[in-house]
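First up is the structure itself, then whatever we jot down about it.
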Amino acid sequence: MVRGLGELESTIMDRMWSYRRPASVRDVLEDLRREREIAYTTVMTVMDKLHTKGLLTREAVGKAYIYRPVSSKEAYTADLMRESLARSGNQAATLVHFLERLTPEEADALEAALKVYPPRGRA
Numbered sequence: 001m002v003r004g005l006g007e008l009e010s011t012i013m014d015r016m017w018s019y020r021r022p023a024s025v026r027d028v029l030e031d032l033r034r035e036r037e038i039a040y041t042t043v044m045t046v047m048d049k050l051h052t053k054g055l056l057t058r059e060a061v062g063k064a065y066i067y068r069p070v071s072s073k074e075a076y077t078a079d080l081m082r083e084s085l086a087r088s089g090n091q092a093a094t095l096v097h098f099l100e101r102l103t104p105e106e107a108d109a110l111e112a113a114l115k116v117y118p119p120r121g122r123a
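Residue numbers (the UniProt record's numbering): 1 to 123.
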């Protein structure tokens with residue numbers, strides 16, 4: 001089951017996705033401290049929880065862990081969208097409501113995506 005993230009979890013995952021490389025708790029801590037005061041143990045605990053939730057992998061390097069995202073931000077978001085759609089009860093109606101709310105930019109992005117990956121039966 002894919003779950004939404006809390007505020008600090010989301011902030012840390014956004015940082016991890018932006019790095020495009022493995023990172024330690026200290027790397028994330030130093031980055032976060034540019035914007036707020038935060039304890040090492042807080043970042044360590046949240047990253048451990050993200051590992052437990054299956055969003056980060058980790059590898060022991062010396063006395064510390066090096067973390068990396070399991071999937072891209074786009075793949076994580078797609079999983080959230082699919083889960084929401086699956087829980088909706090009426091998928092067709094949910095999709096219609098979703099499409100009604102798209103901005104012109106989002107509609108353009110959807111059209112571009114469908115050209116790259118056409119729906120089954122339309123290729």
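We put the CB at the ideal spot given by N, CA and C, even for glycine.
As assigned by DSSP and simplified to three states, the class of residue i
| i | result |
| --- | --- |
| Met1 | Per-residue confidence for Met1 stands at a pLDDT of 48, beneath the threshold of 50, marking its modelled position as unreliable; the derived number appears in the next sentence. Coil, per DSSP. |
| Ile38 | coil |
| Lys49 | helix |
Same chain, Cβ closer than 7 Å to residue i, five either side skipped, listed in chain order
| i | result |
| --- | --- |
| Val70 | Gly54, Leu55, Leu56 and Thr57 |
| Ser88 | Thr94 |
C-beta atoms of residue i and residue j nearer than 8 Å
| i | j | result |
| --- | --- | --- |
| Val25 | Met13 | no |
| Leu114 | Leu102 | no |
| Glu9 | Val46 | yes |
| Lys63 | Trp17 | no |
| Arg15 | Val28 | yes |
Residue-level contact to chain C via CB, residue i, 8 Å cutoff
| i | result |
| --- | --- |
| Asp27 | No chain C appears in the structure shown, which is made up of a single protein chain. |
Boundaries (first-last residue) of the beta strand (DSSP E) holding residue i
| i | result |
| --- | --- |
| Tyr76 | Unbroken run through Tyr76 is the alpha helix (DSSP H), Lys73 to Arg87; no beta strand (DSSP E). |
| Thr57 | Leu56 to Val61 |
| Pro69 | Ala64 to Pro69 |
Spatial neighbours of residue i in its chain, beta-carbon cut-off 8 Å, leaving aside the 5 residues before and after
| i | result |
| --- | --- |
| Leu85 | Gln91, Thr94 and Leu95 |
Alpha-carbon to alpha-carbon, residue j and residue i
| i | j | result |
| --- | --- | --- |
| Gly51 | Arg21 | Sequence check: residue 51 is His here, not Gly. C-alpha separation (whole angstroms): 16 Å. |
| Asp108 | Phe98 | 14 Å |
| Asp31 | Ala78 | 27 Å |
| Arg68 | Ala112 | 29 Å |
| Ala23 | Met81 | 27 Å |
Boundaries (first-last residue) of the alpha helix (DSSP H) holding residue i
| i | result |
| --- | --- |
| Tyr19 | Glu7 to Tyr19 |
| Pro104 | Pro104 to Val116 |
| Arg26 | Val25 to Leu32 |
| Val96 | Gln91 to Glu100 |
Nonlocal neighbours in the same chain, by C-beta distance under 6 Å from residue i, ignoring five residues either side
| i | result |
| --- | --- |
| Ile38 | Leu32 |
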